[in-house]
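Participant: Got a structure for you, questions after.
Number of protein chains: 2
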Amino acid sequence: MHDLVIIGGGGAGLTAALTAKKTNWDANITLITNEELSYSPCALPFVIGGEIEGLDKISKDIVKICKESEINCVIDTVISIDADRKLVKTERGEEFSYTSLIIATGGVPFKPPIPGVELEGVYTLQRIEDARKIMHALEKAKNAVVIGGGAIGLEMAAIFIKRGLKVTLIEQFEHVLARPLDPDFSVLVENKLKERGVEFILNKSVKEIRGEGHVESVKVEDRTIPADIVLLGVGLRPNSELAKKAGILTVDGGIKTDGLLQTNIDDVYAAGDCVDSRSMVTGKLMLSQLGTTAIRHGMITGMNAVGGYATFEGVLNSMILKIFDLEIGRTGLTEGDARENEIDIVVGKVKGTTRSSYFPGAKEIDIKLIFNALNRKIIGAQVIAEEGVAGKIDLLAFAIAHNAEIMDLMKLKYCYTPPVAPSHNVIVEAADNALKKLRRMMEVRKRRF
Amino acid sequence: MHDLVIIGGGGAGLTAALTAKKTNWDANITLITNEELSYSPCALPFVIGGEIEGLDKISKDIVKICKESEINCVIDTVISIDADRKLVKTERGEEFSYTSLIIATGGVPFKPPIPGVELEGVYTLQRIEDARKIMHALEKAKNAVVIGGGAIGLEMAAIFIKRGLKVTLIEQFEHVLARPLDPDFSVLVENKLKERGVEFILNKSVKEIRGEGHVESVKVEDRTIPADIVLLGVGLRPNSELAKKAGILTVDGGIKTDGLLQTNIDDVYAAGDCVDSRSMVTGKLMLSQLGTTAIRHGMITGMNAVGGYATFEGVLNSMILKIFDLEIGRTGLTEGDARENEIDIVVGKVKGTTRSSYFPGAKEIDIKLIFNALNRKIIGAQVIAEEGVAGKIDLLAFAIAHNAEIMDLMKLKYCYTPPVAPSHNVIVEAADNALKKLRRMMEVRKRRF
């Protein structure tokens, strides 16, 4: 009998369990998780915002799911992995021996070492109980400060505004979404939030969170901003302590794995937010920490851990956010990433419309394609509009994964009908724009001789 | 001086003129067209339906556009091409000599040889004056019969319903959209139209259109359906008479061209609805007759006719329609096309949601991916939903053009956020469904040995 133990019941862990069962029905699978509910953390802001009515809409009973697939579900916390004896121990004193093990311990919201960070009223948002606490706090909160202009920070800033709070967002970099987007696209997001009333303090760090027991204000350089609710959205740390103690290698906190998502210890796999992934463009290790990556990790480890064979191709960090009515999408490298990786680039950038410009409801769309200037291959893209962004990001991610060149995108066989998609596709136009820039570069060079 | 003459001011002709000017500013370009307005025929139904307010919203002054780009615009009709002397003659008796010629004469709506087809109240819809006539007729029409369940027929049936008419749609094949879709997807469209009140008469041909001067009824086998407006939507014939008379070869009515879109006569190119295109999947000649194909043809001939070099890669007939709130998309081959071409296929078909299923406003989405069973390459796709179809069709068309296999689609780096795109992408799920079917086929085979 093959005994598979999975630590963690999030997107990666549960997907791994279900995939393993489908791959090898005879395997004895045990999922150990400290949460009784299965849900996507990405849905939490929308429950808090009231768009989704109640936390039970987004959560499922993990014990029930497991039972239906003949997976043993143990609600407990693993406290150690003994890789030599191949067993894990839990807080309640139970021991589970394994033939293969999948570590899917996820991430923990980072709490920066700011004085006052432990005050009441200061929240992170990752688990369902965080959402409950924030919803409760919102019943009487008036002034919100969001620390960090990442995905969660921006989503929560928008929700606080919708709930009628005064909102200040503090970001230590020059722009919000500083890693997923380039400044020219970050500004579009900032403008939308400003228009709706969010005040920004950019390029500055929080010095202190103040209050007697409960938060009262946030100090940033010379300013003190009143706050009865503070949301920390400064990133997720891979939850890899358990793995490290068992002798599993990590890089920058993320568990290091091979192409099968196996760790340095045989038969021990890792999946989800606790794992380092490789960029499909640069080949370098990075933390992806997306729900989609967790699902794919789960599928691959679930197969490999019970005798299947699947390899992980890497990540592009394709991402989409909805902030007010704005859809913000990105995939692959930014211009900044390209500079860091010393890749010469040419950028195609255009503004178009989501439907034929004369059709009622047509919205502006901003698109940027980033190409490697040496081989003309697409390496990244950013798209912002009020509709139709997801399909374009998926397409551009597919193009990056398939080494598409500028001309490949110019030949895109897109569809057209005035109420849904315009006769001139913005992807084609952005590629054309990049090609024109390349030709101009060649012209300039020619003239020098 | 290079003299380029272009016959036709539709999407293909005008794009060719503008592209030629950009390619070679010194070329002397003359565009001869019998319409003073530039517009997309695809927009006409939406003007008739009142969604777009007025024909002037969708039309531009072609003389003005030409003037801005220093293109000579002649409003006239070409009556002959003299390929030996390299000149064209117009109805008004003018002669234009050319160094190179682009024929972009478009298509003419087919009028089937049914008795009564010339009665008043029987319309086709291709030109702006057709739209004007139909709008006028709609002021007092009560009973509409649509002959032909193609794109125009369905769009117009929906518009007639919205305008409060009783609508009967007659289609000689077993299902509407019989060429672009397979029956299982056609049925979804039929159901939507039935739900909104359209009566269907399928698999039957119109015998006669009756009336005294003006249409009064339509006879289909043993039934007589009252009608004060009849819309003929039974296809477009390539307008290739002029070309044929000049000794230019055609196939099934469409002008035959090489990879540069040059006809059998040197320096004579052809673009748009009058031209045969090659399927990117089968390599066979076919009539594409889409606005997107016309634009691409226009770009390529516009370059080639003034000394540039561009090749036409072929068509996938990526198409999208909006009928009521339903978006209907398709690209590549249908199952029927595959059978005709003797391609063994495996089909992945799933139902999903457009957003996370728990998110308000999430709609059902139906998707079908058609793979060549021998090499697992995607060769066609159909998608129907109330949102998000265009991006998926474009992506799948790109996948077909790039010889993507089942596994390539399963590795799609899609984006996810509950309000816009679900955590499990339907393209990935449909590919997975196809893979499962292939594996089952292998299992069945194995057991026989």
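Chains as they are written, first to last, in the working numbering: chain A, 75 to 523; chain B, 75 to 523.
Backbone N, C-alpha and C fix where the C-beta goes; we use that ideal spot for every residue, glycine too.
Helix, strand or coil: which one does DSSP assign to residue 115 (chain A)?
Facilitator: In the structure shown, residue 115 (chain A) sits in a helix (DSSP, three-state: H, G or I).
Participant: Indicate whether at least one CB of chain B lies closer than 9 angstroms to the CB of residue 189 (chain A).
Facilitator: Cβ-Cβ to chain B under 9 angstroms: no for residue 189 (chain A).
Participant: Which residues in the same chain as residue 365 (chain B) place their Cβ atom closer than 7 angstroms to its Cβ, once the five residues preceding and following it in sequence are excluded?
Facilitator: Excluding residues within five positions, the ones whose Cβ falls inside 7 angstroms are 85, 114, 116.
Participant: Residue 88 (chain B) lies in the alpha helix (DSSP H); which residues open and close that run?
Facilitator: Its alpha helix (DSSP H) spans residues 85-97.
Participant: Does the beta carbon of residue 439 (chain B) come closer than 9 angstroms to any beta carbon on chain A?
Facilitator: With 9 angstroms as the cut-off, residue 439 (chain B) does not count as an interface residue toward chain A.
Participant: In chain B, what lies closer than 8 angstroms to residue 523 (chain A) by C-beta?
Facilitator: Chain B residues near residue 523 (chain A): none, gap ~23 angstroms exceeds 8 angstroms.
Participant: So for residue 37 (chain A), helix, strand or coil by DSSP?
Facilitator: Residue 37 (chain A) falls outside the range modelled here, since chain A spans only 75 to 523, and no answer is possible.
Participant: Going by DSSP, name the residue or residues bridged to residue 288 (chain B).
Facilitator: Beta-bridge pairing links residue 288 (chain B) to B:194, B:286.
Participant: Using a Cβ-Cβ cut-off of less than 7 angstroms, give me the residues of the stretch 109-140 of chain A that come near chain B, in sequence order.
Facilitator: Here the close residues are 114, 116, 117, 120, 125, 126, 131, 132.
Participant: Please give the ranges of any beta strand (DSSP E) in the stretch 399-479 of chain A, keeping only runs that are unbroken, at least 3 residues long and fully inside the region.
Facilitator: DSSP runs (the beta strand (DSSP E)) wholly in the stretch 399-479 of chain A: 400-406, 419-427, 438-446, 452-459.
Participant: Starting from the beta carbon of residue 432 (chain B), find every residue of chain A whose beta carbon is closer than 8 angstroms, and list them in chain order.
Facilitator: What residue 432 (chain B) touches in chain A: 117, 126, 131, 132.
Participant: Smallest Cα separation from residue 157 (chain A): which of A:198, A:340, A:123?
Facilitator: If we check each option's Cα against that of residue 157 (chain A), A:340 comes out closest.
Participant: For residue 406 (chain A) and residue 478 (chain A), which I take to be in contact (beta-carbon distance under 8 angstroms), what is that distance rounded to the nearest angstrom?
Facilitator: Rounded, the Cβ-Cβ distance is 11 angstroms, inconsistent with contact.
Participant: Is the distance from the Cβ of residue 439 (chain A) to the Cβ of residue 267 (chain A) below 9 angstroms?
Facilitator: Not closer than 9 angstroms, so no.
Participant: With respect to the alpha helix (DSSP H) encompassing residue 260 (chain B), which residues constitute its N-terminal and C-terminal limits?
Facilitator: Note, residue 260 (chain B): alpha helix (DSSP H), 257-269.
Participant: With DSSP collapsed to three states, give me the class of residue 366 (chain A).
Facilitator: Looking at residue 366 (chain A) - three-state DSSP - the assignment turns out to be helix.
Participant: May I ask you to list, following chain order, the residues of the stretch 374-389 of chain A that have a beta carbon less than 8 angstroms from some beta carbon of chain B?
Facilitator: Per Cβ criterion, the list reads 387, 389.
Participant: Mapping the DSSP letters down to three states, classify residue 231 (chain B) as helix, strand or coil.
Facilitator: Helix.
Participant: Mind the definition here: the stretch 211-221 of chain B touches the stretch 289-308 of chain B only if three or more C-beta pairs lie below 8 angstroms; say whether that holds.
Facilitator: Contact between the stretch 211-221 of chain B and the stretch 289-308 of chain B is present, because at least three Cβ pairs lie under 8 angstroms.
Participant: Counting only Cβ-Cβ distances shorter than 8 angstroms, please list the residues of the stretch 341-369 of chain B near chain A, keeping chain order.
Facilitator: From the stretch 341-369 of chain B, only 354, 364, 365, 366, 369 have a Cβ closer than 8 angstroms to chain A.
Participant: Please state if the CB of residue 177 (chain B) and the CB of residue 368 (chain B) are separated by a distance shorter than 9 angstroms.
Facilitator: Not in contact: residue 368 (chain B) and residue 177 (chain B) (Cβ atoms no closer than 9 angstroms).
Participant: Going along chain A, which residues have a C-beta under 8 angstroms from residue 254 (chain B)?
Facilitator: Per Cβ cutoff of 8 angstroms: no residues; residue 254 (chain B) is ~11 angstroms from chain A at best.
Participant: Under the rule that 16 or more other beta-carbon atoms within 10 Å means buried, what is residue 337 (chain B), buried or exposed?
Facilitator: Classification of residue 337 (chain B): buried, given that the 10 Å Cβ count is 16 or more.
Participant: Quickly, what does DSSP pair residue 505 (chain A) with across the bridge? List them, please.
Facilitator: In DSSP, residue 505 (chain A) forms no bridge with anything.
Participant: List, in order along the chain, the chain A residues whose C-beta lies closer than 8 angstroms to that of residue 494 (chain B)?
Facilitator: What residue 494 (chain B) touches in chain A: 394, 396, 401, 463, 464.
Participant: When we look at the beta-carbon of residue 124 (chain B) and count the other beta-carbons within 10 Å, is it buried (16 or more) or exposed?
Facilitator: With fewer than 16 other Cβ atoms within 10 Å, it is exposed.
Participant: On the DSSP bridge assignment, give the partners of residue 311 (chain A) in chain order.
Facilitator: According to DSSP, which records beta bridges pairwise, residue 311 (chain A) is partnered with A:182.
Participant: Starting from the beta carbon of residue 508 (chain B), find every residue of chain A whose beta carbon is closer than 7 angstroms, and list them in chain order.
Facilitator: The premise fails here: residue 508 (chain B) is roughly 16 angstroms from chain A at the closest Cβ pair, so nothing lies under 7 angstroms.
Participant: With 9 angstroms set as the bound, which would you pick, yes or no: does the beta-carbon of residue 482 (chain A) sit closer than that to a beta-carbon of chain B?
Facilitator: Yes, residue 482 (chain A) lies at the interface with chain B (some Cβ there is under 9 angstroms from its Cβ).
Participant: How would you list, in chain order, the residues of chain B whose beta-carbon sits under 8 angstroms from the beta-carbon of residue 405 (chain A)?
Facilitator: Per Cβ cutoff of 8 angstroms: 487, 489.
Participant: Is it buried or exposed for residue 22 (chain A), if we count other Cβ within 10 angstroms and need 16 for buried?
Facilitator: Because chain A in this structure spans residues 75 to 523, residue 22 (chain A) falls outside the shown range and cannot be described.
Participant: Using the C-alpha atoms, what's the distance from residue 170 (chain A) back to residue 150 (chain A)?
Facilitator: Roughly 12 angstroms between the two C-alpha positions.
Participant: Going by C-alpha to C-alpha distance, which of B:242, B:494, B:415 sits closest to residue 399 (chain A)?
Facilitator: When each option's Cα is compared against that of residue 399 (chain A), the closest is B:494.
Participant: Mind checking which residues open and close the alpha helix (DSSP H) that includes residue 207 (chain B)?
Facilitator: Its alpha helix (DSSP H) spans residues 202-212.
Participant: Quick check on the burial criterion: 16 or more other C-beta atoms within 10 angstroms. Buried or exposed for residue 279 (chain B)?
Facilitator: The residue in question, residue 279 (chain B), is exposed, as its Cβ has fewer than 16 Cβ neighbours within 10 Å.
Participant: Given this structure, state the Cα-to-Cα distance separating residue 464 (chain A) from residue 501 (chain A), to the nearest angstrom.
Facilitator: Computed Cα separation, rounded: 13 angstroms.
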